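Working notes for the structure below.
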Amino acid sequence: MATRTVVICLAALVGTTGWARAETVTASSTTIVSGQRDPRDGTVHTVVPFLELVSLRASEIHNSLFDDTQIVVSGWGEAVAGDPRDGKSVLGDVDVAYLQGSTWNRRVTLRAGRQFVFPGTAGNVHLDGLAPTLWLAGGVGLSGFVGVPVTPRFGYSRGEFTSGARAFWSRSYESEVGVSVLEILGAGRHVFRRDAGVDARYRILDSLALSGLVRWSLAEARMAEADATANWSPCRYLDVTGDYRRTAPDLFLPRYSIFSVFAQETRDEFGGFVSVRPWPRRQDLQGDFHEVHNASGWGWNGGGKATVRLGSGGGTRLGVEGRRLLIAGGGYFMGRAFGWQTITSKIRVVADFDAYHLDEPLNGQKSSFFGSGSLVYDVAPAWRAVLTGMDNVTPYATHQIEGLLKIVYDGGHVVREVTP
Amino acid sequence: MRKARGTWIALAALGIAACATMLGTRRAKQPGEEIRQSHAAHKDLPCVMCHEDVPEAKTVTDRLRPPEAKCLECHGDKKDQKECGYCHTDPAHPGPYPAESHTIIISHQAHLKLVNDDCTACHVKLSEYARPGPTPPAMKSCTKCHEHRVDFDEGRCGTCHTDLKRFPLKPVAEFSHAGDFVRQHASVAHATADACAQCHDQTFCADCHAQTAPMRVELKFSENVTSDFIHRGDYLTRHSIEARSDPVLCQRCHGTSFCSACHDQENVGPGGSNPRRPHPPGWAFPGPTSHAVAARRDIVSCASCHDQGPNSNCIGCHRVGGVGGNPHPMQWQQKHNLSEAYGTAMCQYCHRQ
C-alpha cells in the first residue's frame, strides 16, 4: 500500500513538473544495504534489509494561481532478506508529500499533502491535510491546519483527526509571538489532546535571543508544558544558553487513556550550556548541566564535549565526550571518542567508540560498548559511497556485528541560472 | 486500516493540489522566448525614462520592466509594420515578458537615493540585444555596501531572500546552528518556523521527525560522527533510563504505543511468556516498592506496557468498590465530579450509575 503510494506520488510529481515546468528540480537517492544479526526470543536471526530512500523537490513552477509553487516528496521502500522482525519482507511509506504555493502577493500560502506543522502548540504534528497561512498587515498573520495524524511506524494511531490555528505577530524572522490552539481527536471523537498556548521568540539584541512556550491543557485546565530559553552569543567565540522547562507527563498521554487519571505530577528541569571556540572552525569546547526534579526527587544531567580540527583544511577531526545522568533508580556514565581522517580529497575514514557504565545492572551487566568505523568515498560530484561496520557488546547482546553499505546521490537540475 | 485511510487522504490532497496547479499553469517560458533590446543603444537616456515604476518601487515586481506601450512610444512603427522579431525573440508567438520569480526583497525607492540615482552602481551587467533576459545584480553588489555579517552568521537570510532553497547551502557550521542548537531548535521552530523554511524544506525535518521513517537517523548518517544525534550509539541500553529521566521527550515523538509494539515483539510485554518479571517483589501491595508509588511518579512508563484501553488491568482492582481503592490523585476531585464520570465512556468502566 505504502509502496504504491510512493509510486503514485512520484508519478504525480513528474507529471506536474512536466506540465508546469519547474525551473529547479533537486533529487536525492540513498540506497542502503545492511546486514545484522538480530538476537530475539533466545535465537540469533540474520536480517538483510535493502532500503531505498528517494526525495524530490521541484520549485519555481510557473503558473497563474500561485507564486513560489513547489512540490516536495520524500519516501522509501524496503525489501528484507532473511528473517525480518515483524515478518514483513516488503515495506514502504511516504514521509513527506506536499504541494505548496503562495498567492495574493505572497500573503496567502497553502500547503497540501503529507507534511509537518511546527509552529505553536502544534509542536511537531505529522499529518495528511491542509495548512494555510495568511499574512495580514504589519507582520500579523493567521495560520491553521486540518487533517489526519500520520500513524507512526511500529505504533498505533495517534488520533483520527487534528486541527489547530495560530495567530502571530512577526517582527522579523527571529522575533515572533504567537497564540495557538490544538485539538487531536481519537476514535469516536474522544479528545486525545486539546491545548492552547503562547509561544514567543524575540531577539532583543544581535547577541541575545529569548524564546519560550506555554502549553495549557484545555481538557484538564492545567499547564502541560512551559519552556523558557535565553541564548547569548556575544561573539563567534562564545555561546551561552540558560533554560528552564516544566512538563506534566500525564498530559502528554491521550486524554482517553485510563492512565491519564492516575497521576498529576510535574517535572522541572533547569540549567545551562556553554560553548567556547577559542579558534573558531578549529576548536569547540562544550559543557552543559541541568538539574532535574520530579516526584522521585532530584537528579542531574551534565556533560562535556571537545572537538578539534587539525591539519590544513581541517582534514583531521578528533573529539571526546563525557556525560553523567543521575536520577532516582540509577543513571549512567558515558564516555565517547570519535575521529575523522581525510586520506585523499575523495576518501576519508571515520571512527566512533562509545562506552557506558550503568549504576544499576541491566540483564546482569553494568557495561556497554559500541564501536563503528566508516570508509567514505566521494565517487563523483553528487555521488558518495559509505561502508560502515559496527560492533557492540551490550546488556542485550553478548556480541553483535552489523555492516552497512550506503550509496548516495544528492543532485539537482537547474533550468534557469541565477547569479547569486 | 487507519494508516491506509490517512495515506489515501494525503494522496487525495496532493492530487487535488497538483490538478489545481496544472489547471492554472500558463505556458512557461521557452528557450529563446524573450523581449530583446539593447541597453547600450539606450545609454544616453535616463533609466527611469523607460523604467518609470522604479523610483517609487518598494518591492520587486514584473512592473519594473517597461510595458509595451513605453517601447512603442519610439518604436511604434515596427509594430505597425508587423516586425515582431524586432523585439520578440519568438515572433511566431509574440507575448509579454515571461513570468519571473522575484526572490529578492529590495526597495529601489530607498536605494536610488543612496547611489545618487546611478542604477549602474548595482546593475553592472545589463541585457543586450544578443543577450536578452533578466540580469539581476550579483550578490556582491549588495555586500559591497551591506556586509550583513550578523545576518549571515545568524542565518537571517529572509532580510533579502524570499527563497533560498535553490541556492547551494553553506555548511551548517557557518550559521548559528553551533552551540546548543540541537536542544534549542524545537523552541526556535515553534516560534519562527518560517526562518527554518528559508533553507530547509520538510524532507530535511523528515530525516529525524517523520513518524514513517524506516531507520534511525544515526544509522542513515553513520559517517556523521560530529552531529549530536539523540539515539547515538547503544541507545537501547540506556533507553529505559532516558525514558524515566524525561518521559515527555520520548512521548512527544513516539507515543506509548511505540513502546508496547517493540516490547511485545521482544516478549517483554504484559502478555508475554518471558518468565523474568520486570517488577520487584511487593509490587502489587502497599509499601515502598508498591506500583502505586511508581505510577504516581512515572505514569508514562506504566502506560508504555499496560495501556490497552480503558479495560486494562488497572480496572480489576481499582473500580469503585474494588480492593485497590481510589487511584485518582488528591487534586482530582477539584476539577472532576461523578456526573462527568457518568457521562464519559472511559470512566464508566469504574463508575457505573
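These protein sequence lines are chains A and B, in that order. Residue numbers are given in the working numbering: position 62 of the first sequence equals residue 77, and the series is strictly consecutive. Residue numbers are given in the working numbering: position 123 of the second sequence equals residue 128, and the series is strictly consecutive. Each residue gets a CB set at the ideal place from its N, CA and C atoms; glycine is no exception. All of these numbers come straight from a predicted model, not from anything done at the bench.
Own chain partners of L420/A with C-beta closer than 6 Å, once the 5 adjacent residues on each side are dropped = A distance below 6 Å between beta-carbons, with the five flanking residues on each side excluded, links L420/A to the following residues of its chain, in chain order: V48, L402.
Shorter than 8 Å from the beta carbon of V222/B to some beta carbon of chain A?
-> Chain A, which has no Cβ nearer than 8 Å to the Cβ of V222/B, makes this no.
At which residue ranges does the stretch 361–404 of chain A contain complete beta strand (DSSP E) runs of 3 or more residues, listed in the order of the chain?
-> Unbroken beta strand (DSSP E) stretches of 3 residues or longer found wholly inside the stretch 361–404 of chain A: 362–377, 380–395, given in chain order.
First through last residue of the beta strand (DSSP E) which encompasses I219/A | Segment 206–220, the beta strand (DSSP E) holding I219/A.
In or out: Q353/B buried (at least 16 other Cβ within 10 Å) or exposed?
-> Looking at its Cβ environment, which holds fewer than 16 other Cβ atoms inside 10 Å, Q353/B is exposed.
Scan the stretch 97–109 of chain A for residues whose Cβ lies nearer than 9 Å to a Cβ of chain B and list them as they occur along the chain.
-> Against chain B - using a Cβ distance shorter than 9 Å - the residues of the stretch 97–109 of chain A are R100, D101, L106, G107, D108, V109.
What number of angstroms, rounded off, separates the C-alpha of I235/B from the C-alpha of P64/A?
-> As the crow flies, the alpha-carbon of I235/B is around 23 Å from that of P64/A.
Where does the unbroken beta strand (DSSP E) through Q11/A begin, and where does it stop?
-> This structure cannot settle anything about residue 11/A, because the visible part of chain A is limited to 16 through 435.
Return the CA-CA distance between G90/B and T140/B, expressed in angstroms with no decimal places.
-> Within the model, the alpha-carbon separation for G90/B versus T140/B is close to 21 Å.
Which residue's Cα is closest to the Cα of T148/B: A135/B, C165/B, H259/B, A289/B?
-> Looking only at A135/B, C165/B, H259/B, A289/B, the smallest Cα-Cα distance to T148/B is reached by C165/B.
Residues within the stretch 409–423 of chain A neighbouring chain B, beta-carbon criterion of under 7 Å | Per Cβ criterion, the list reads T409, P410, Y411, L419.
Would you give the residue range spanned by the alpha helix (DSSP H) that Q130/A belongs to?
-> No alpha helix (DSSP H) contains Q130/A, which is instead part of the beta strand (DSSP E) from 123–132.
Beta-carbon spacing of A94/A, V105/A below 8 Å = The answer is yes: Cβ separation under 8 Å.
Taking the Cβ atom as the reference point for each residue, do S226/A and G135/A lie within a distance shorter than 8 Å?
-> No, the Cβ-Cβ distance between S226/A and G135/A is not below 8 Å.
Nearest-angstrom Cα separation, counted from A200/B out to C52/B = Taking the straight line joining both Cα atoms gives about 36 Å.
Please name the residues in the stretch 375–391 of chain A whose beta-carbon is closer than 7 Å to at least one beta-carbon of chain B, in chain order.
-> Under the 7 Å Cβ criterion, the stretch 375–391 of chain A contributes L377, S383, F385, S387, S389, V391.
Classification of E78/B by the beta-carbon crowding that lies within 10 angstroms, buried from 16 upward | Within 10 angstroms of the beta-carbon of E78/B lie fewer than 16 other beta-carbons, which makes it exposed.
Compute the Euclidean distance between the alpha carbons of E39/B and A202/B, then round it to the nearest angstrom.
-> Cα-Cα distance, rounded: 32 Å.
Can you give me the start and stop residues for the beta strand (DSSP E) that D299/A sits inside?
-> Start and end: 298–309.
Alpha carbon to alpha carbon, how far is T41/A from Y424/A? Give it in angstroms, no decimals.
-> Using only the alpha carbons, I get a separation of about 10 Å.
What are the partner residues of S117/A, as DSSP defines its beta bridges?
-> Beta bridge pairing from DSSP links S117/A with D82/A, T124/A.
Does the pairing of the stretch 121–137 of chain A with the stretch 226–246 of chain B give three or more beta-carbon distances under 8 Å?
-> Between the stretch 121–137 of chain A and the stretch 226–246 of chain B, the count of Cβ pairs shorter than 8 Å is below three; the stretches do not touch.
Within chain A, the residues that C307/B reaches when beta carbons sit closer than 8 Å = In chain order: F274, F277.
How many whole angstroms separate the CB atoms of Q130/A and V111/A, which I take to be in contact at a CB cut-off of 8 Å?
-> Yes, Q130/A and V111/A are in contact; Cβ-Cβ is about 6 Å, under 8 Å.
For I358/A and chain B, any beta-carbon pair shorter than 8 Å?
-> At a cut-off of 8 Å between beta carbons, I358/A makes no contact with chain B.
Own chain partners of P334/B with C-beta closer than 6 Å, once the 5 adjacent residues on each side are dropped = Cβ within range, chain order: n/a, list empty.
Using DSSP bridges, identify the partner residues of F274/A.
-> Answer is none; F274/A lacks a bridge partner.
Per-residue burial, H372/A [other beta carbons within 10 Å of its own, 16 or more giving buried] = With fewer than 16 Cβ atoms within 10 Å of its Cβ, H372/A is classed as exposed.
Minimum C-alpha distance to L223/A - residue among R270/A, A400/A, H205/A, W247/A | The shortest Cα separation from L223/A among R270/A, A400/A, H205/A, W247/A belongs to W247/A.
Contact with chain B by F65/A, beta-carbon distance below 8 Å | Interface criterion not met: the Cβ of F65/A is under 8 Å from no Cβ in chain B.
Taking 8 Å as the CB-CB cut-off, is D425/A touching chain B?
-> Not one chain B Cβ lies under 8 Å of D425/A.
Within 8 Å (strictly less), CB to CB, does F234/B reach chain A?
-> Answer no: the Cβ-Cβ gap between F234/B and chain A never drops below 8 Å.
Since V206/A and L200/A are thought to touch, with beta carbons under 8 Å apart, how far apart are those beta carbons, to the nearest angstrom?
-> The Cβ separation is near 6 Å, so the contact holds.
When Cβ atoms are compared, which residues of the stretch 179–207 of chain A fall closer than 7 Å to chain B?
-> For the stretch 179–207 of chain A, which is checked against every Cβ of chain B, the residues closer than 7 Å are Y188, E189, E191, G193.
Work out the CA separation of A266/B and D303/B for me, nearest whole Å.
-> D303/B and A266/B have their C-alpha atoms some 19 Å from each other.
Three-state secondary structure (DSSP) at Q358/B?
-> Q358/B: coil per DSSP, three-state reduction.
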